[in-house]
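Residue numbers (the working numbering): 1 to 425.
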(Lines of atoms letter the chains of each structure in order from A; the text may use other names.)
(Lines give C-alpha, C1' and ligand atoms only; values in the text may rest on other atoms or scores of the structure.)
Protein backbone atom coordinates (compact mmCIF):
# COMPACT_ATOMS: atom_id res chain seq x y z
CA UNK A 1 0.00 0.00 0.00
CA UNK A 2 3.02 2.30 -0.10
CA UNK A 3 3.35 3.03 3.65
CA UNK A 4 7.16 3.00 3.67
CA UNK A 5 7.44 5.11 0.51
CA UNK A 6 4.95 7.65 1.84
CA UNK A 7 6.73 7.79 5.22
CA UNK A 8 10.04 8.40 3.45
CA UNK A 9 8.46 11.25 1.49
CA UNK A 10 7.15 12.79 4.72
CA UNK A 11 10.63 12.48 6.24
CA UNK A 12 12.26 14.29 3.33
CA UNK A 13 9.53 16.96 3.39
CA UNK A 14 10.10 17.62 7.10
CA UNK A 15 13.87 17.74 6.64
CA UNK A 16 13.38 20.28 3.85
CA UNK A 17 11.11 22.38 6.04
CA UNK A 18 13.63 22.25 8.89
CA UNK A 19 16.20 24.04 6.74
CA UNK A 20 14.10 27.21 6.87
CA UNK A 21 12.41 26.92 10.24
CA UNK A 22 13.37 25.01 13.37
CA UNK A 23 10.46 22.61 13.77
CA UNK A 24 12.32 19.72 15.41
CA UNK A 25 15.60 19.50 17.28
CA UNK A 26 16.37 16.14 15.70
CA UNK A 27 14.84 13.83 13.08
CA UNK A 28 15.18 10.04 13.10
CA UNK A 29 13.96 7.25 10.80
CA UNK A 30 14.33 3.62 11.88
CA UNK A 31 13.37 0.49 9.91
CA UNK A 32 12.24 -1.99 12.58
CA UNK A 33 11.14 -5.17 10.71
CA UNK A 34 9.90 -8.42 12.24
CA UNK A 35 13.06 -8.91 14.30
CA UNK A 36 12.41 -6.49 17.14
CA UNK A 37 15.67 -5.49 18.82
CA UNK A 38 15.51 -2.52 21.21
CA UNK A 39 19.30 -2.35 21.31
CA UNK A 40 19.46 -2.08 17.54
CA UNK A 41 16.75 0.60 17.52
CA UNK A 42 18.63 2.59 20.17
CA UNK A 43 21.88 2.29 18.20
CA UNK A 44 20.20 3.51 15.06
CA UNK A 45 18.52 6.40 16.85
CA UNK A 46 21.94 7.48 18.10
CA UNK A 47 23.33 7.14 14.60
CA UNK A 48 20.55 9.31 13.16
CA UNK A 49 21.13 11.91 15.87
CA UNK A 50 24.85 12.02 15.06
CA UNK A 51 24.08 12.33 11.33
CA UNK A 52 21.44 15.02 11.84
CA UNK A 53 23.02 18.45 11.44
CA UNK A 54 20.07 20.04 13.26
CA UNK A 55 20.58 17.85 16.32
CA UNK A 56 22.18 19.10 19.50
CA UNK A 57 24.62 16.44 20.62
CA UNK A 58 27.96 14.73 20.05
CA UNK A 59 29.63 14.56 16.65
CA UNK A 60 29.27 11.55 14.38
CA UNK A 61 32.89 10.61 14.97
CA UNK A 62 32.34 10.53 18.74
CA UNK A 63 29.18 8.43 18.37
CA UNK A 64 30.83 5.97 15.96
CA UNK A 65 33.56 5.43 18.52
CA UNK A 66 31.35 4.73 21.53
CA UNK A 67 27.83 3.56 20.67
CA UNK A 68 28.72 0.18 19.17
CA UNK A 69 30.40 -0.79 22.45
CA UNK A 70 27.57 0.22 24.77
CA UNK A 71 25.20 -2.29 26.34
CA UNK A 72 21.43 -1.77 26.39
CA UNK A 73 21.37 0.04 29.74
CA UNK A 74 24.16 2.41 28.66
CA UNK A 75 22.48 3.07 25.31
CA UNK A 76 19.20 3.85 27.04
CA UNK A 77 20.85 6.30 29.43
CA UNK A 78 22.73 8.03 26.61
CA UNK A 79 19.61 8.39 24.47
CA UNK A 80 17.54 9.75 27.34
CA UNK A 81 20.20 12.38 28.00
CA UNK A 82 20.23 13.41 24.32
CA UNK A 83 16.44 13.51 23.89
CA UNK A 84 15.42 14.98 27.24
CA UNK A 85 13.81 18.36 26.65
CA UNK A 86 14.25 18.10 22.87
CA UNK A 87 11.47 18.16 20.28
CA UNK A 88 12.06 15.18 17.98
CA UNK A 89 10.41 13.55 14.97
CA UNK A 90 10.78 9.75 14.81
CA UNK A 91 9.62 7.30 12.14
CA UNK A 92 9.41 3.64 13.15
CA UNK A 93 8.89 1.87 9.84
CA UNK A 94 7.50 -1.67 9.51
CA UNK A 95 6.61 -2.16 13.18
CA UNK A 96 5.43 -5.64 14.24
CA UNK A 97 5.01 -5.68 18.04
CA UNK A 98 1.31 -5.90 18.97
CA UNK A 99 1.40 -6.44 22.75
CA UNK A 100 1.38 -3.16 24.69
CA UNK A 101 2.73 -5.03 27.74
CA UNK A 102 5.78 -6.33 25.89
CA UNK A 103 8.79 -5.54 28.12
CA UNK A 104 10.94 -4.62 25.13
CA UNK A 105 8.27 -2.19 23.97
CA UNK A 106 8.09 -0.61 27.42
CA UNK A 107 11.87 -0.21 27.36
CA UNK A 108 11.53 1.71 24.10
CA UNK A 109 8.66 3.93 25.22
CA UNK A 110 10.46 4.93 28.43
CA UNK A 111 13.08 6.65 26.27
CA UNK A 112 10.56 8.33 23.99
CA UNK A 113 8.64 9.87 26.90
CA UNK A 114 11.52 12.21 27.81
CA UNK A 115 11.08 14.30 24.65
CA UNK A 116 9.69 17.81 24.70
CA UNK A 117 6.00 18.45 24.09
CA UNK A 118 5.41 18.59 20.35
CA UNK A 119 7.60 15.58 19.57
CA UNK A 120 6.04 13.29 16.96
CA UNK A 121 6.28 9.54 16.29
CA UNK A 122 5.06 8.10 12.99
CA UNK A 123 4.61 4.31 12.99
CA UNK A 124 3.99 2.23 9.87
CA UNK A 125 2.82 -1.36 10.28
CA UNK A 126 1.22 -4.24 8.42
CA UNK A 127 -1.71 -4.46 10.84
CA UNK A 128 -3.75 -2.18 13.09
CA UNK A 129 -2.66 -3.81 16.38
CA UNK A 130 1.03 -3.17 15.69
CA UNK A 131 0.34 0.36 14.49
CA UNK A 132 -1.50 1.13 17.73
CA UNK A 133 0.91 -0.53 20.16
CA UNK A 134 2.80 2.72 20.79
CA UNK A 135 -0.21 5.05 20.87
CA UNK A 136 -2.55 5.91 23.70
CA UNK A 137 -6.21 4.99 23.43
CA UNK A 138 -7.16 8.47 22.21
CA UNK A 139 -4.98 8.14 19.10
CA UNK A 140 -6.36 5.46 16.82
CA UNK A 141 -4.24 4.03 13.97
CA UNK A 142 -5.07 5.48 10.57
CA UNK A 143 -5.35 3.10 7.61
CA UNK A 144 -3.09 4.09 4.74
CA UNK A 145 -5.42 6.21 2.60
CA UNK A 146 -5.49 6.24 -1.16
CA UNK A 147 -3.45 9.30 -2.01
CA UNK A 148 -5.16 12.18 -3.69
CA UNK A 149 -4.07 13.02 -7.20
CA UNK A 150 -2.27 16.14 -5.96
CA UNK A 151 -0.45 14.22 -3.21
CA UNK A 152 0.77 11.60 -5.66
CA UNK A 153 1.77 14.33 -8.11
CA UNK A 154 3.82 16.01 -5.36
CA UNK A 155 5.69 12.74 -4.77
CA UNK A 156 6.27 12.25 -8.49
CA UNK A 157 7.59 15.78 -9.04
CA UNK A 158 9.72 15.68 -5.88
CA UNK A 159 11.56 12.53 -6.94
CA UNK A 160 11.66 13.41 -10.65
CA UNK A 161 12.92 16.98 -10.48
CA UNK A 162 13.78 17.78 -6.87
CA UNK A 163 16.21 20.70 -6.99
CA UNK A 164 16.80 20.39 -10.74
CA UNK A 165 16.14 23.55 -12.69
CA UNK A 166 13.83 23.27 -15.68
CA UNK A 167 12.67 26.01 -18.01
CA UNK A 168 8.94 25.52 -17.39
CA UNK A 169 7.80 23.24 -14.58
CA UNK A 170 4.20 23.86 -15.64
CA UNK A 171 4.51 21.63 -18.71
CA UNK A 172 6.22 18.90 -16.70
CA UNK A 173 3.50 19.11 -14.04
CA UNK A 174 0.80 18.82 -16.70
CA UNK A 175 2.33 15.63 -18.11
CA UNK A 176 3.13 14.40 -14.59
CA UNK A 177 -0.54 14.65 -13.71
CA UNK A 178 -1.44 12.47 -16.71
CA UNK A 179 1.10 9.89 -15.52
CA UNK A 180 -0.23 9.95 -11.94
CA UNK A 181 -3.76 9.26 -13.18
CA UNK A 182 -2.52 6.07 -14.85
CA UNK A 183 -0.45 4.98 -11.83
CA UNK A 184 -3.51 4.64 -9.64
CA UNK A 185 -1.85 6.96 -7.09
CA UNK A 186 0.59 4.25 -5.95
CA UNK A 187 3.51 5.83 -4.01
CA UNK A 188 6.10 3.18 -4.95
CA UNK A 189 5.08 3.29 -8.63
CA UNK A 190 5.31 7.10 -8.54
CA UNK A 191 8.84 6.95 -7.10
CA UNK A 192 10.03 4.34 -9.62
CA UNK A 193 8.61 6.22 -12.62
CA UNK A 194 9.86 9.54 -11.23
CA UNK A 195 13.41 8.19 -11.19
CA UNK A 196 13.13 7.46 -14.93
CA UNK A 197 11.54 10.85 -15.61
CA UNK A 198 14.32 12.60 -13.70
CA UNK A 199 16.87 11.26 -16.16
CA UNK A 200 14.97 12.89 -19.05
CA UNK A 201 14.91 16.69 -19.32
CA UNK A 202 12.93 16.88 -22.56
CA UNK A 203 9.17 17.26 -22.21
CA UNK A 204 8.73 15.02 -25.27
CA UNK A 205 10.32 12.13 -23.34
CA UNK A 206 7.85 12.67 -20.51
CA UNK A 207 4.95 12.70 -22.97
CA UNK A 208 6.14 9.43 -24.51
CA UNK A 209 6.22 7.79 -21.07
CA UNK A 210 2.77 9.19 -20.26
CA UNK A 211 1.37 7.34 -23.28
CA UNK A 212 2.46 3.91 -21.97
CA UNK A 213 -0.61 1.78 -21.25
CA UNK A 214 1.32 -0.43 -18.81
CA UNK A 215 1.48 2.42 -16.28
CA UNK A 216 -2.05 1.51 -15.20
CA UNK A 217 -0.71 -1.73 -13.66
CA UNK A 218 1.78 -1.39 -10.78
CA UNK A 219 3.66 -4.61 -11.45
CA UNK A 220 3.85 -3.83 -15.17
CA UNK A 221 5.19 -0.37 -14.28
CA UNK A 222 7.98 -1.87 -12.17
CA UNK A 223 8.67 -4.38 -14.95
CA UNK A 224 8.94 -1.56 -17.49
CA UNK A 225 11.53 0.28 -15.39
CA UNK A 226 13.42 -2.96 -14.71
CA UNK A 227 13.64 -3.66 -18.45
CA UNK A 228 15.39 -0.31 -19.01
CA UNK A 229 18.52 -1.69 -17.34
CA UNK A 230 21.15 -3.59 -19.33
CA UNK A 231 21.00 -7.43 -19.06
CA UNK A 232 24.06 -7.45 -16.79
CA UNK A 233 22.54 -4.97 -14.33
CA UNK A 234 19.22 -6.84 -14.40
CA UNK A 235 21.02 -10.05 -13.51
CA UNK A 236 22.79 -8.36 -10.61
CA UNK A 237 19.51 -6.98 -9.31
CA UNK A 238 17.91 -10.42 -9.53
CA UNK A 239 20.52 -11.69 -7.08
CA UNK A 240 18.66 -9.88 -4.30
CA UNK A 241 16.05 -12.60 -4.67
CA UNK A 242 18.24 -15.08 -2.81
CA UNK A 243 17.68 -13.09 0.39
CA UNK A 244 14.47 -12.76 2.41
CA UNK A 245 12.31 -9.64 2.20
CA UNK A 246 13.47 -6.74 4.31
CA UNK A 247 17.09 -7.85 4.71
CA UNK A 248 19.52 -4.96 4.34
CA UNK A 249 22.81 -5.90 2.67
CA UNK A 250 26.16 -4.21 2.98
CA UNK A 251 27.18 -2.70 -0.33
CA UNK A 252 30.66 -4.22 -0.23
CA UNK A 253 29.20 -7.71 0.24
CA UNK A 254 26.79 -7.22 -2.65
CA UNK A 255 29.55 -6.12 -5.03
CA UNK A 256 31.72 -9.09 -4.03
CA UNK A 257 28.83 -11.52 -4.49
CA UNK A 258 28.09 -10.18 -7.97
CA UNK A 259 31.75 -10.48 -8.91
CA UNK A 260 32.08 -14.00 -7.48
CA UNK A 261 29.07 -15.14 -9.51
CA UNK A 262 30.58 -13.78 -12.71
CA UNK A 263 27.79 -11.24 -13.22
CA UNK A 264 30.11 -8.23 -13.67
CA UNK A 265 31.29 -7.88 -17.27
CA UNK A 266 34.28 -5.76 -18.23
CA UNK A 267 35.76 -4.62 -21.52
CA UNK A 268 39.48 -4.33 -22.05
CA UNK A 269 41.20 -2.56 -19.19
CA UNK A 270 38.08 -1.78 -17.16
CA UNK A 271 38.41 -2.31 -13.43
CA UNK A 272 35.91 -4.96 -12.26
CA UNK A 273 35.26 -3.24 -8.93
CA UNK A 274 34.57 0.04 -10.68
CA UNK A 275 32.12 -1.64 -13.08
CA UNK A 276 30.32 -3.36 -10.18
CA UNK A 277 30.10 0.00 -8.41
CA UNK A 278 28.59 1.58 -11.54
CA UNK A 279 25.94 -1.18 -11.66
CA UNK A 280 25.10 -0.50 -8.03
CA UNK A 281 24.87 3.26 -8.50
CA UNK A 282 22.53 2.85 -11.47
CA UNK A 283 20.17 0.64 -9.46
CA UNK A 284 20.29 3.17 -6.64
CA UNK A 285 19.69 6.19 -8.88
CA UNK A 286 16.55 4.59 -10.34
CA UNK A 287 15.16 3.76 -6.87
CA UNK A 288 15.62 -0.01 -7.14
CA UNK A 289 17.75 0.11 -3.98
CA UNK A 290 16.97 1.98 -0.77
CA UNK A 291 19.64 3.24 1.60
CA UNK A 292 19.13 1.64 4.99
CA UNK A 293 20.96 3.06 7.99
CA UNK A 294 20.12 0.15 10.25
CA UNK A 295 23.56 -1.18 11.10
CA UNK A 296 26.05 0.50 13.38
CA UNK A 297 29.43 1.15 11.83
CA UNK A 298 30.82 -0.47 8.70
CA UNK A 299 29.75 0.43 5.21
CA UNK A 300 26.31 1.53 4.06
CA UNK A 301 23.51 -1.00 3.86
CA UNK A 302 20.76 -1.19 1.26
CA UNK A 303 17.58 -3.18 0.69
CA UNK A 304 14.86 -3.42 -1.93
CA UNK A 305 11.17 -2.57 -1.59
CA UNK A 306 8.83 -5.51 -0.93
CA UNK A 307 7.01 -4.94 -4.24
CA UNK A 308 10.31 -5.13 -6.12
CA UNK A 309 11.11 -8.31 -4.20
CA UNK A 310 7.81 -9.79 -5.41
CA UNK A 311 8.71 -8.74 -8.96
CA UNK A 312 12.10 -10.40 -8.85
CA UNK A 313 10.49 -13.52 -7.32
CA UNK A 314 8.36 -13.75 -10.44
CA UNK A 315 11.31 -13.15 -12.77
CA UNK A 316 13.87 -15.62 -11.44
CA UNK A 317 11.76 -18.77 -11.32
CA UNK A 318 13.51 -21.86 -9.92
CA UNK A 319 17.06 -20.49 -10.11
CA UNK A 320 16.74 -19.02 -6.62
CA UNK A 321 15.21 -20.63 -3.54
CA UNK A 322 14.90 -19.48 0.07
CA UNK A 323 14.32 -21.71 3.10
CA UNK A 324 12.95 -19.36 5.72
CA UNK A 325 11.47 -21.84 8.19
CA UNK A 326 12.28 -21.74 11.90
CA UNK A 327 13.01 -24.84 14.01
CA UNK A 328 9.36 -25.11 15.07
CA UNK A 329 8.37 -25.53 11.40
CA UNK A 330 10.69 -28.51 11.17
CA UNK A 331 9.18 -30.01 14.31
CA UNK A 332 5.70 -29.59 12.82
CA UNK A 333 6.75 -31.52 9.73
CA UNK A 334 7.09 -28.70 7.20
CA UNK A 335 9.41 -29.65 4.35
CA UNK A 336 10.62 -27.21 1.70
CA UNK A 337 10.00 -28.29 -1.89
CA UNK A 338 13.39 -27.29 -3.32
CA UNK A 339 13.60 -27.32 -7.15
CA UNK A 340 16.14 -29.92 -8.35
CA UNK A 341 17.74 -27.41 -10.72
CA UNK A 342 18.17 -24.64 -8.13
CA UNK A 343 21.39 -22.65 -8.57
CA UNK A 344 21.27 -20.24 -5.61
CA UNK A 345 20.09 -21.44 -2.19
CA UNK A 346 19.46 -19.47 1.02
CA UNK A 347 18.91 -20.82 4.54
CA UNK A 348 17.48 -18.32 7.01
CA UNK A 349 18.72 -20.41 9.95
CA UNK A 350 21.51 -22.93 10.39
CA UNK A 351 20.30 -26.50 10.82
CA UNK A 352 22.83 -29.24 10.07
CA UNK A 353 20.26 -31.96 9.36
CA UNK A 354 18.21 -29.83 6.98
CA UNK A 355 21.23 -28.55 5.11
CA UNK A 356 22.61 -32.05 4.53
CA UNK A 357 19.20 -33.25 3.38
CA UNK A 358 18.46 -30.35 1.03
CA UNK A 359 21.82 -30.10 -0.77
CA UNK A 360 21.93 -33.80 -1.64
CA UNK A 361 21.70 -34.16 -5.42
CA UNK A 362 21.97 -30.40 -6.08
CA UNK A 363 25.13 -30.72 -8.21
CA UNK A 364 24.47 -27.49 -10.11
CA UNK A 365 24.27 -25.29 -7.02
CA UNK A 366 26.41 -22.18 -7.47
CA UNK A 367 25.68 -20.31 -4.24
CA UNK A 368 24.86 -21.48 -0.71
CA UNK A 369 24.16 -18.79 1.90
CA UNK A 370 23.40 -19.65 5.53
CA UNK A 371 22.20 -16.39 7.01
CA UNK A 372 21.87 -16.84 10.75
CA UNK A 373 23.79 -19.05 13.17
CA UNK A 374 22.72 -19.04 16.81
CA UNK A 375 25.43 -18.43 19.39
CA UNK A 376 24.68 -21.74 21.11
CA UNK A 377 24.81 -23.73 17.85
CA UNK A 378 28.38 -24.22 16.62
CA UNK A 379 28.73 -25.02 12.94
CA UNK A 380 30.00 -28.58 12.72
CA UNK A 381 33.02 -29.18 10.55
CA UNK A 382 31.38 -32.30 9.12
CA UNK A 383 28.61 -30.11 7.67
CA UNK A 384 31.16 -27.97 5.84
CA UNK A 385 32.84 -31.23 4.78
CA UNK A 386 29.56 -32.48 3.27
CA UNK A 387 29.05 -29.21 1.44
CA UNK A 388 32.54 -29.42 -0.07
CA UNK A 389 31.96 -33.00 -1.21
CA UNK A 390 28.43 -32.63 -2.61
CA UNK A 391 28.65 -29.18 -4.22
CA UNK A 392 31.77 -29.11 -6.41
CA UNK A 393 30.53 -26.19 -8.57
CA UNK A 394 30.01 -23.71 -5.72
CA UNK A 395 31.19 -20.19 -6.41
CA UNK A 396 29.74 -18.67 -3.23
CA UNK A 397 29.72 -20.23 0.25
CA UNK A 398 28.65 -17.88 3.05
CA UNK A 399 28.11 -19.14 6.60
CA UNK A 400 26.64 -16.85 9.27
CA UNK A 401 26.26 -14.16 6.58
CA UNK A 402 23.95 -12.06 8.72
CA UNK A 403 25.99 -12.01 11.94
CA UNK A 404 29.41 -10.86 13.01
CA UNK A 405 31.61 -13.78 14.06
CA UNK A 406 33.25 -12.84 17.35
CA UNK A 407 34.21 -16.34 18.45
CA UNK A 408 36.60 -18.14 16.10
CA UNK A 409 35.59 -21.50 17.59
CA UNK A 410 32.10 -21.20 16.06
CA UNK A 411 33.33 -23.11 13.05
CA UNK A 412 36.41 -23.89 11.04
CA UNK A 413 36.85 -24.86 7.41
CA UNK A 414 38.19 -28.37 6.67
CA UNK A 415 41.01 -29.03 4.23
CA UNK A 416 38.44 -30.33 1.74
CA UNK A 417 37.49 -26.70 1.03
CA UNK A 418 40.31 -26.84 -1.52
CA UNK A 419 38.10 -29.12 -3.64
CA UNK A 420 35.92 -26.16 -4.51
CA UNK A 421 38.05 -24.97 -7.41
CA UNK A 422 35.50 -22.35 -8.52
CA UNK A 423 34.92 -20.85 -5.08
CA UNK A 424 35.30 -17.06 -5.20
CA UNK A 425 33.47 -15.92 -2.03
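Don't be surprised by glycine CBs; every beta carbon is placed ideally from N, CA and C.
Candidates 245, 247, 286, 239: closest to residue 469 by CA position: The requested residue 469 is not part of the displayed model; the chain covers only 1 to 425.
Beta carbon of residue 186 nearer than 8 Å to that of residue 150: Translated into positions along the chain shown, residue 186 becomes position 186. Translated into positions along the chain shown, residue 150 becomes position 150. No, the pair does not count as a contact, with Cβ atoms beyond the cut-off.
Residue 292, enclosing beta strand (DSSP E) - first and last residue: Mapped onto the chain shown, residue 292 falls at position 292. Note, residue 292: beta strand (DSSP E), 290-292.
Supposed contact pair residue 199 and residue 287 - C-beta distance, whole angstroms, cut 8 Å: Numbered from its first residue, the chain shown carries residue 287 at position 287. Numbered from its first residue, the chain shown carries residue 199 at position 199. Between residue 199 and residue 287 the Cβ distance is about 11 Å, and since that is not below 8 Å, they are no contact.
Residue 285 classed as buried or exposed, judged by whether at least 16 other C-beta atoms fall within 10 angstroms: Along the chain shown, one-based indexing puts residue 285 at 285. Classification of residue 285: exposed, given that the 10 Å Cβ count is below 16.
Residue 74 versus residue 9 - alpha carbon distance: One-based indexing of the chain shown puts residue 74 at position 74. One-based indexing of the chain shown puts residue 9 at position 9. Computed Cα separation, rounded: 33 Å.
Outcome for residue 115 when other beta-carbon atoms lying within 10 angstroms are tallied against a minimum of 16: Residue 115 sits at position 115 when you count from the first residue of the chain shown. It is buried - the Cβ of residue 115 has at least 16 other Cβ atoms within 10 Å.
Start and end residues, beta strand (DSSP E) containing residue 159: Here residue 159 is taken as the residue at index 159 of the chain shown, counted from 1. Counting along the chain, residue 159 falls outside any beta strand (DSSP E), though it belongs to the alpha helix (DSSP H) covering 149-160.
Strand pairing of residue 426, partner residues [DSSP]: Since the first residue of the chain shown is 1 and the last is 425, residue 426 is not available in this structure.
8 Å Cβ cutoff met for residue 311 and residue 223: Position 311 of the chain shown holds residue 311. Position 223 of the chain shown holds residue 223. Yes. Within cutoff.
Supposed close pair residue 292, residue 279 - CB separation, criterion 8 Å: Taking the chain shown and counting its residues from 1, one reaches residue 292 at position 292. Taking the chain shown and counting its residues from 1, one reaches residue 279 at position 279. So it is not a contact: roughly 18 Å between Cβ atoms.
Segment limits, alpha helix (DSSP H) that includes residue 171: What you label residue 171 is simply residue 171 of the chain shown in a count that begins at 1. First-last of the alpha helix (DSSP H) with residue 171: 169-183.
Three-state secondary structure (DSSP) of residue 303: Here residue 303 is taken as the residue at index 303 of the chain shown, counted from 1. The answer is strand: DSSP assigns residue 303 an E or B state.
DSSP three-state assignment for residue 240, whether helix, strand or coil: Within the chain shown, residue 240 is the residue found at index 240, counting from 1. Residue state, collapsed to three classes: helix.
Cβ shell of residue 395 (< 8 Å), same chain only, five flanking positions each side left out: Residue 395 sits at position 395 when you count from the first residue of the chain shown. 260, 261, 262, 366, 367, 422, 423, 424, 425, listed in sequence order.
N-terminal and C-terminal residue of the alpha helix (DSSP H) that residue 48 is part of: Position 48 of the chain shown, counting from 1, holds the residue named residue 48. Residues 38-51.
One or two residues paired with residue 26 in a DSSP bridge: As a first step, residue 26 must be located in the chain shown, where it is residue number 26. 88.
Alpha-carbon spacing of residue 111 relative to residue 47, whole angstroms: Taking the chain shown and counting its residues from 1, the one referred to as residue 111 is at position 111. Taking the chain shown and counting its residues from 1, the one referred to as residue 47 is at position 47. C-alpha separation (whole angstroms): 16 Å.
Cβ-Cβ distance between residue 5 and residue 247 below 8 Å: Along the chain shown, one-based indexing puts residue 5 at 5. Along the chain shown, one-based indexing puts residue 247 at 247. For residue 5 and residue 247, no; Cβs fall outside 8 Å.
Sub-8 Å separation of residue 383 and residue 417 beta-carbons: Counting from 1 along the chain shown, the entry for residue 383 is found at position 383. Counting from 1 along the chain shown, the entry for residue 417 is found at position 417. The answer is no: Cβ separation not under 8 Å.
Own chain residues within Cβ distance below 6 Å of residue 141, not counting five before or after: As a position in the chain shown, residue 141 is number 141, starting the count at 1. The answer, listed in chain order, is 128, 131, 132.
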